[in-house]
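Please read the structure below before turning to the comments.
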Amino acid sequence: MTTATHQPGPALDPALEVLRRPDGSVQLGWGPDTAAVLSPGKDLDAFGLSTVLNLLDGRSSRAEILVRAERAGLADDAVTVLLDELTTVGAVRDPGGTVPVAPRVRVHGRGPLADTLVAHLTVSGTRLSRSAAYTGDSDVARWDVQCVLLADALVPDPRLVRELMRHRVPHLPVLLRDGRGIVGPFVVPGRTSCLRCADLTRTDLDPHWPQLAAQLCDRVGCAEPPAVLATAALALGELDAILTTAAPATLDRTLEVDLRSHRLASRRWYRHPECGCAAPPA
Numbered sequence: 008m009t010t011a012t013h014q015p016g017p018a019l020d021p022a023l024e025v026l027r028r029p030d031g032s033v034q035l036g037w038g039p040d041t042a043a044v045l046s047p048g049k050d051l052d053a054f055g056l057s058t059v060l061n062l063l064d065g066r067s068s069r070a071e072i073l074v075r076a077e078r079a080g081l082a083d084d085a086v087t088v089l090l091d092e093l094t095t096v097g098a099v100r101d102p103g104g105t106v107p108v109a110p111r112v113r114v115h116g117r118g119p120l121a122d123t124l125v126a127h128l129t130v131s132g133t134r135l136s137r138s139a140a141y142t143g144d145s146d147v148a149r150w151d152v153q154c155v156l157l158a159d160a161l162v163p164d165p166r167l168v169r170e171l172m173r174h175r176v177p178h179l180p181v182l183l184r185d186g187r188g189i190v191g192p193f194v195v196p197g198r199t200s201c202l203r204c205a206d207l208t209r210t211d212l213d214p215h216w217p218q219l220a221a222q223l224c225d226r227v228g229c230a231e232p233p234a235v236l237a238t239a240a241l242a243l244g245e246l247d248a249i250l251t252t253a254a255p256a257t258l259d260r261t262l263e264v265d266l267r268s269h270r271l272a273s274r275r276w277y278r279h280p281e282c283g284c285a286a287p288p289a
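Per my numbering, numbering of the sequence shown is gapless, rising by one per residue and ending at 289.
Written out as structure tokens, the structure is:
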């Protein structure tokens, strides 16, 4: 979730350590399920591997990398194959020469989660807006954001939820329930189940849920500081997946993190047959 002022090019994932193996091969990363080993071949020796990896700093376009590699005596085809392989395994991020646009996110809520989310997003290059409470004159249609984080409220204001659905604004609840962190479900109006679907499902299980929900509306949850940080981190990870078009884990699901039991649980939410969220906008 950062911006760039230059035309970006392929960049080696900075999270991966570059390690030299005794046989001349290069290892990227050292986790048993994440490491990849690049072996020298007749078209690209150990020197060639190192040369290409050194060029993957994000400051040169793919075309510029090929030119510089050719000047170093490396075959164009071999370098192209290596770049494609690195991109396929996720070791290289290649934006294709387009300048990233700062994502537009709104944090709506007041409480420890909202404060933590805002503190991170403020320094991440995100075009951030914030609101604390829904008012009758709130113009959701003018928010112009890719996602709204509904932070802290145990039950979001139903008026706001209706407006988000009406204007087709994606939204992700982030809250603390009984000392545990809850993230999701991520709602894409018209495509996924919605928060009303969840309410109707809860009402099927407990007919008194509407009365309980009315009491919980806009209340702020509470948890120990580590649980707050863990919940915010989980939400930011989901937001990153949402903004980068990856498949977020919270599509039609909630994630529940409980640091006391060291568990991360997932629950599936389905569209409710009595909810009209699948209907096209009026």
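All C-beta atoms, glycine included, are put in the ideal place defined by N, C-alpha and C.
Query - Length-filtered (4 minimum) alpha helix (DSSP H) runs lying within the region 76-163 - result: The alpha helix (DSSP H) runs lying completely inside the region 76-163 and spanning 4 residues or more are 83-95 and 119-129, given in chain order.
Requested in this report: For the beta strand (DSSP E) holding residue 263, just list the boundary residues, first then last.
Outcome: Numbered from 1 along the sequence shown, position 256 holds the residue referred to as residue 263. Start and end: 260-265.
**Report entry** Outcome for residue 277 when other beta-carbon atoms lying within 10 angstroms are tallied against a minimum of 16
**Finding:** What you label residue 277 is simply residue 270 of the sequence shown in a count that begins at 1. Exposed: under 16 other Cβ atoms inside 10 Å.
Query raised in the report: At a cut of 8 Å, does the region 171-182 reach the region 151-160 through at least three beta carbon pairs?
Result: yes
**Report entry** C-alpha distance - residue 224 paired with residue 165, whole-angstrom precision
**Finding:** Position 217 of the sequence shown, counted from the first residue, corresponds to residue 224. Position 158 of the sequence shown, counted from the first residue, corresponds to residue 165. If you take the alpha carbons of residue 224 and residue 165, they lie about 8 Å apart.
Requested in this report: In angstroms with no decimal places, state the Cα-to-Cα distance between residue 195 and residue 136.
Outcome: Position 188 of the sequence shown holds residue 195. Position 129 of the sequence shown holds residue 136. C-alpha separation (whole angstroms): 20 Å.
Query raised in the report: At what residues does the beta strand (DSSP E) containing residue 188 begin and finish?
Result: Translated into the one-based positions of the sequence shown, residue 188 becomes position 181. Residues 187-190.
Report task. In angstroms with no decimal places, state the Cα-to-Cα distance between residue 160 and residue 227. Result -> Along the sequence shown, one-based indexing puts residue 160 at 153. Along the sequence shown, one-based indexing puts residue 227 at 220. Cα to Cα, residue 160 sits roughly 5 Å from residue 227.
Requested in this report: Please confirm if the region 196-209 is in contact with the region 233-248, defined as three or more CB-CB distances below 8 Å between the two stretches.
Outcome: no
Requested in this report: Pull up the distance between the alpha-carbon of residue 259 and that of residue 200, whole angstroms please.
Outcome: Here residue 259 refers to the residue found at position 252 of the sequence shown. Here residue 200 refers to the residue found at position 193 of the sequence shown. Spanning the two alpha carbons is a distance of roughly 6 Å.
Requested in this report: Report, in whole angstroms, the separation of the C-beta atoms of residue 187 and residue 265, which I expect to be a contact under 8 Å.
Outcome: Residue 187 sits at position 180 when you count from the first residue of the sequence shown. Residue 265 sits at position 258 when you count from the first residue of the sequence shown. Indeed they touch by this definition, with Cβ atoms about 5 Å apart.
Query raised in the report: If you check the beta carbons only, do residue 58 and residue 35 fall under 9 Å apart?
Result: For the purposes of this step, residue 58 is taken as residue 51 along the sequence shown, with counting starting at 1. For the purposes of this step, residue 35 is taken as residue 28 along the sequence shown, with counting starting at 1. No; because the gap between Cβ atoms is not below 9 Å, this pair is not in contact.
Query raised in the report: residue 76 and residue 88: beta carbons closer than 9 Å?
Result: Numbered from 1 along the sequence shown, position 69 holds the residue referred to as residue 76. Numbered from 1 along the sequence shown, position 81 holds the residue referred to as residue 88. No, they are not a contact pair.
Query - Under the three-state DSSP convention, the category residue 284 falls into - result: As a position in the sequence shown, residue 284 is number 277, starting the count at 1. The answer is coil: DSSP assigns residue 284 none of H, G, I, E or B.
Requested in this report: Decide if residue 245 is buried, meaning its Cβ has at least 16 other Cβ atoms within 10 Å, or exposed.
Outcome: Counting from one through the sequence shown, the residue named residue 245 turns up at place 238. It is buried - the Cβ of residue 245 has at least 16 other Cβ atoms within 10 Å.
Query raised in the report: Looking at residue 60 and residue 108, is the spacing between their C-beta atoms short of 9 Å?
Result: Here residue 108 is taken as the residue at index 101 of the sequence shown, counted from 1. Here residue 60 is taken as the residue at index 53 of the sequence shown, counted from 1. No; because the gap between Cβ atoms is not below 9 Å, this pair is not in contact.
**Report entry** Own chain partners of residue 125 with C-beta closer than 8 Å, once the 5 adjacent residues on each side are dropped
**Finding:** The residue you call residue 125 lines up with position 118 of the sequence shown. Within the same chain, residue 125 has close Cβ partners 114, 135 and 137.
**Report entry** Inter-residue Cα distance where the pair is residue 202 and residue 129
**Finding:** As a position in the sequence shown, residue 202 is number 195, starting the count at 1. As a position in the sequence shown, residue 129 is number 122, starting the count at 1. The alpha-carbon atoms of residue 202 and residue 129 are separated by roughly 27 Å.
Requested in this report: Assign residue 116 to one of two classes, buried (16 or more other C-beta atoms within 10 Å of its C-beta) or exposed (fewer than that).
Outcome: Taking the first residue of the sequence shown as 1, we reach residue 116 at position 109. Its Cβ being crowded by 16 or more others within 10 Å, residue 116 is buried.
Report task. Decide if residue 190 is buried, meaning its Cβ has at least 16 other Cβ atoms within 10 Å, or exposed. Result -> Taking the sequence shown and counting its residues from 1, the one referred to as residue 190 is at position 183. Label assigned to residue 190: buried.
Query - Pair within 9 Å by beta-carbon distance, residue 19 and residue 93 - result: The residue you call residue 19 lines up with position 12 of the sequence shown. The residue you call residue 93 lines up with position 86 of the sequence shown. Contact: yes.
Requested in this report: Use the C-beta contact count for residue 44: other C-beta atoms within 10 angstroms, 16 or more gives buried, fewer gives exposed.
Outcome: For the purposes of this step, residue 44 is taken as residue 37 along the sequence shown, with counting starting at 1. Classification of residue 44: exposed, given that the 10 Å Cβ count is below 16.
Requested in this report: My understanding is that residue 133 touches residue 147, with C-beta atoms under 8 Å, so please give their C-beta distance in whole angstroms.
Outcome: One-based indexing of the sequence shown puts residue 133 at position 126. One-based indexing of the sequence shown puts residue 147 at position 140. Not confirmed; about 19 Å, so no contact.
Query - Limits of the beta strand (DSSP E) - the one that residue 43 falls within - result: Reading the sequence shown from its first residue, position 36 is the one you call residue 43. For residue 43, the enclosing beta strand (DSSP E) starts and ends at 43-45.
**Report entry** Spatially closest choice to residue 183 from 168, 152, 173 and 120, by CA coordinates
**Finding:** By 1-based counting over the sequence shown, the position of residue 183 is 176. Answer by Cα proximity: 120.
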